Every structure is written in C-alpha cells, then in structure tokens.
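Here the structure comes first, spelled out in structure tokens, and everything after it is commentary.
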Amino acid sequence: MQTGIGWIDFSSEHRDRVRSVLDLLSVKGVVDELGIGIIRDAFSDTMFPGITTIQTRPKYFLIVPRILHAYEQLPAQRRRKMSVAEYLHQEEVACRIHLAKRYKFREGLGIIGITFGDRTDRSVMRPASSVYWNGLCQFRIVRSESTLRDYDRKYSGHKPANSLLLQETKKDRGDDFDAGDPQLAPCAKLPKTSGNWRKDLSITLLPDEAIWLRTQIATAKPDTLLGRLMSDPAALEQIALLDEKASFATFRDLPCIQNLADAKIQRVVHLATDFWQLLRGAHVRYNVLLNEMYNEEGLAECQEMWDEWLSEMSGFEWAVWETEEVWQLVTELDRKPHARTRRFVDGWIDAVRNGLSNKHLNELVRRQEIANKGTRARLKRKSKDVSVDRWFGFSRLDYRLPQIRQMAGDIVRAEQGAANPDAGL
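According to this note's numbering, the sequence shown is numbered sequentially starting from 15.
Dropping the structure here:
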C-alpha cells in the first residue's frame, strides 16, 4: 500500500510553503532534526534576499519576465482567453523543451525540468516562475509585492500601456507597487535581444544581461551583502573562483568579505559562521547518540568527529560572541522560532561555553529532538524500525552560498566574454 501526504489549499502562500518543505525533503541530508532551520533562514534572508536553495541558474531571472512581457504583447482576444498562469505554463514548457534539445538532454546544467525532456504531458511541481518569483519581486524585476497566484488573478487579460513598462522608482509609485491602473503588469524594462529570444535561448547569460542583472540587484538591495557583492565585479570574481564544496567559513575569509566597508554586514557574516561552528557540535552529538543506540560500527567515526569539534572549539573567540545578536536578527525579520528552540540554542551555547559534561549536552540534544519531532524522534526509545547507516540532520550550513557562487560565476563569465552558450557554461 502506497503512502502519501496531502494538504488543504487555503491560499497560494500555504501552497508555496508546503512546496518549499517538499523541495527540502527531496534533498538528502537536509532534514532539520534539531529545529534550527528558522535561524539558518534568517541569516540567509538577511545576507542573500531573493535567493533560494532550489534556484539553479540566474538566466531564469530574465526568462520569466520575458515570458510576462510576451504575454503583454498578445492580441487582446487571446489574452482574454488565456490567463497569465496558463501562458507561463505553456511557455515554460516550451523553453524547457528548447533548452533540453539544445543541450542534448544533458543533466547538470541547472535546466529546470530537464529530466522530463521534450514531454509536454508532464512538468515540474515548482516551475521557474514559482522558484524565482520572490527574487523577481525582491529585485524589482517584477514590480509587485503579490504572490504569483494573486499576480495572475490581477493581470490576466490586461495589457499595459507601453510607457508604463519603463523602470520606475518606488518613490514614483508609492509603497504599493500594485496600486493604480489594474491594467498595469509592472515589469522592469529588460535588456534588448537581437532576433527572437526564444529561438536563441541558452541557459547562459549574455554580457548585457549579466550587467543588467547585477546592476538591478545592486540597486534594489544596496544595504545587503548580496547588493554589495553585485556592485563589486572584483568581489564576484573571488566568489566565482571558490571550489564548489567551499564552506561558508572559506567564503567569510575572502578578501572581499574581510574588507567590507559596512561593519554591520560583515558582522552578520561572522555571526552566521560562528553560529554554525557552535551548533555543528549539537548535530555531531546527535549522531553520536544515534550510533550508540543503533549502529556501534559507526560510533568510532562519530566520536572522532566529536573530538575534532571539541579541539576546534578550544580556539573559539568567546569574547566577541553574543547569542542575543542572533535573536535580534531573527526578530528583525519577524521570524518566530519556537520557545523550545530558543531554550535549546541558549542552553547548548551556555553549556559549551561553561564546559559542562557530555551527559548534560546529551540531555539537551535528546530533549530537543523529541520536542521537535514528537513520535518520530529516534532518541525517544530504541526501535527496530530505525536504521542508522548515514548522517542525520544538518552536516553544514551554507546559507545559500552554492547559489551565490553559481550566480557569480555566470555573471563573471558573461561580462568577461568567457561564457560558452553552446556548452551551457
């Protein structure tokens, strides 16, 4: 008998949240066993707003709005018969098929839905328009604060005046981008392309597209780490040269980060790095406990990791650490971690700082896993149904660094004329 999950679709926001959870669960090793994901996301959103872990290539920041522009240019009769959502679906499938054929159905290039090949009867659960929508709005490429579903409801069937397609400032239109003429589908003016953009479509950025996207993000998010990096081509070059497995600590040590003029932004980067250094120990301890219960063969390796972590922590700079800064950052983003998570994080950090026993640390981890997972907790009681042959929980926090590295690489290659559209690189 097959099992599955379902949900009642009360709103587009609810649906998107569920889909985001499903996206995370589909990636091995990212289940949040100890409940610190909300803190990780607060750091990520502060440093890299508009970026998500399921984004693949920055080219989609241009593909989606180009489809929206194409919808605006449809004859009125056709727009009345086809909604924005229907047109997006149709064109995204067409773009996927075009890219799949261009790159001979090769995976690994970040083409969303490549595994569906040239099929039209099946498509991805999260198309590019959904995956990139928040970023498109955050970077003011799409001038809307609506969800994609609400945008579809508001603008389906309408055509804007061409004069209103030009870029506008928030001051020009007030705080509500969607206020005013209901016929306005507010998209920024995109860089021009020669010929038919669909026919020539590649997954790589063109030089003009790279400059435009970098400038657009820098202008929209000037007071964030992402905005500062996008305004500095030299910084992007440093990031593009990072190894694909580089840790966030390696990123922090780059000259472009160490030399940031904004001390507040630099402090957030260091705080994020130190937070994971502290909480990594809790995840190592969790796996020590699991292997003690279920897999004696794996215990020695986990214990070795624990000893290594303790050695690393001997040099931790407690003098510059302040846990309250983490909660201030979380509060600024209106995130609401469960009280038990706050108690766990505070308790763990205090216990490590004060050198409390492994027995005390074990109890902190055990209580948190049971509180966080309920009946699914592996540490609640020994069960024959539990198999421990791999790592459980976070093994590292990258704070969306892989996506930033990909974006930096694509932009740098395009601007330097080194991109290879035929190879998708």
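Glycine included, each C-beta is placed from N, C-alpha and C at the ideal position. Here the structure is a predicted model, which means the values were calculated and not measured.
Does residue i pass the burial test, meaning 16 or more other C-beta atoms within 10 Å, or should it be called exposed?
i           : result
residue 334 : exposed
residue 350 : exposed
residue 297 : buried
residue 329 : exposed
residue 287 : buried
residue 424 : buried
residue 389 : exposed
residue 269 : exposed
residue 332 : exposed
residue 150 : buried
residue 158 : buried
residue 141 : buried
residue 401 : exposed
residue 59  : buried
Using three-state DSSP, classify residue i as helix, strand or coil.
i           : result
residue 359 : helix
residue 156 : strand
residue 197 : Only weak support exists for where residue 197 lies, its pLDDT of 43 falling under 50; the coordinates are left without a value.
residue 348 : coil
residue 423 : helix
residue 416 : helix
residue 431 : coil
residue 258 : coil
residue 267 : coil
residue 125 : coil
Anyone know if the C-beta pair for residue i and residue j falls short of 8 Å?
i           : j           : result
residue 430 : residue 71  : no
residue 385 : residue 354 : yes
residue 143 : residue 162 : yes
residue 428 : residue 123 : no
residue 295 : residue 341 : no
residue 231 : residue 241 : yes
residue 337 : residue 321 : no
residue 103 : residue 215 : no
residue 266 : residue 244 : no
residue 114 : residue 126 : no
residue 393 : residue 56  : no
residue 226 : residue 80  : no
residue 301 : residue 405 : yes
Residues in the same chain with beta-carbon distance under 6 Å from residue i, minus the five sequence neighbours each way, listed in chain order, please.
i           : result
residue 280 : 274
residue 284 : none
residue 382 : 48 and 358
residue 299 : 375 and 379
residue 224 : 425, 428 and 429
residue 345 : none
So which of the options has the shortest CA-CA distance to residue i?
i           : options               : result
residue 145 : 115, 106 and 390      : 106
residue 235 : 400, 65 and 362       : 65
residue 255 : 316, 110, 415 and 282 : 415
residue 110 : 361, 78 and 99        : 78
residue 407 : 303, 225, 58 and 352  : 303
residue 436 : 394, 217, 310 and 418 : 217
residue 396 : 402, 51, 318 and 307  : 307
residue 98  : 271, 166, 348 and 56  : 166
residue 367 : 292, 403, 316 and 394 : 292
residue 417 : 100, 69, 315 and 387  : 69
residue 343 : 282, 315 and 319      : 282
Once the 5 residues before and after residue i are set aside, which same chain residues still bring their CB inside 7 Å of it?
i           : result
residue 339 : 285
residue 63  : 152, 235, 238 and 240
Within a Cβ cutoff of 8 Å, which residues of the same chain sit near residue i, ignoring the five residues on either side of it in sequence?
i           : result
residue 262 : 286, 287, 290, 410, 411, 412, 413 and 415
residue 365 : 374, 375 and 378
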